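Enquirer: Numbering (full-length UniProt numbering), first residue to last: 1 to 166. All residues carry an ideal CB built from backbone N, CA and C; glycine is no exception. Small disclaimer: the values here were computed from a predicted structure and weren't measured. Attaching a single structure in structure tokens format; questions to follow.
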């Protein structure tokens with residue numbers, strides 16, 4: 001659970017305790033805050049016993065990544081042609097079975113990385129580049145009507161600046 005959610009829950013519970021200390025009944029507090037009277041009563045008891053209003057830590061599911069797997073994933077960051085599938089397969093072969101989703105989750109949550117796929121860039125040979133340049137140089141003063149009779153069969157997008165990756 002996120003840290004901000006914990007703090008907002010604690011503020012909510014502290015508000016309930018403050019209302020009770022101000023003399024408001026548990027029933028009125030439960031109606032005002034939209035919680036059951038049993039919940040308000042439990043919070044009040046915990047407050048009287050000087051216990052924390054925070055939830056106790058939960059065990060949750062154990063992490064599937066070993067320490068070694070985390071090190072391998074961290075070292076592979078920045079290398080080209082590495083996908084979560086390839087990393088998971090490489091770790092499994094090395095004796096650290098893991099899934100692509102576990103690798104993806106570790107990269108996103110612990111290393112702050114997000115998915116990215118490089119945009120496709122057309123590969124042009126020098127001959128093709130020269131041919132295109134010569135074609136343009138031979139027709140510098142063509143009108144729009146003349147250009148409308150030309151069919152370009154290999155149109156491709158070209159970016160002056162780096163395109164965003166949606």
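Please classify residue 116: is it buried, with 16 or more other beta-carbons within 10 angstroms of its beta-carbon, or exposed?
Expert: When all chains shown are included, residue 116 counts as exposed.
Enquirer: Quick check: the region 97 to 112 against the region 136 to 154, are there 3 or more CB pairs under 8 Å?
Expert: As far as the Cβ criterion goes, the region 97 to 112 does not touch the region 136 to 154, which means the pair count is below three.
Enquirer: How long is the line joining the alpha carbons of residue 68 and residue 61, rounded to whole angstroms?
Expert: Each residue's Cα considered, the two are about 19 Å apart.
Enquirer: Would you call the CB atoms of residue 39 and residue 64 closer than 7 Å?
Expert: No.
Enquirer: Hey, would you say residue 110 sits closer than 7 Å to residue 54, going by beta carbons?
Expert: Contact flag unset, no.
Enquirer: So what does DSSP say about residue 116, is it helix, strand or coil?
Expert: Reduced to three states, the DSSP call for residue 116 is coil.
Enquirer: Does the count of Cβ pairs from the region 36 to 50 and the region 19 to 27 closer than 8 Å reach three?
Expert: Contact between the region 36 to 50 and the region 19 to 27 is present, because at least three Cβ pairs lie under 8 Å.
Enquirer: According to the neighbour-count rule (16 or more other Cβ atoms, all chains shown, within 10 Å of its Cβ), is residue 168 buried or exposed?
Expert: The question about residue 168 has no answer here: the residues shown for the chain are numbered 1 through 166.
Enquirer: Hey, residue 33 and residue 14: beta-carbon distance below 7 Å or not?
Expert: Cβ atoms of residue 33 and residue 14: not closer than 7 Å.
Enquirer: Let me know the secondary structure DSSP gives residue 1 once reduced to three states.
Expert: Model confidence at residue 1 stands at a pLDDT of 48, short of 50, so the residue's coordinates are unreliable and nothing is read from them.
Enquirer: Could you give the residue range of the alpha helix (DSSP H) that holds residue 55?
Expert: Residue 55 -> no alpha helix (DSSP H), and no H or E assigned at all.
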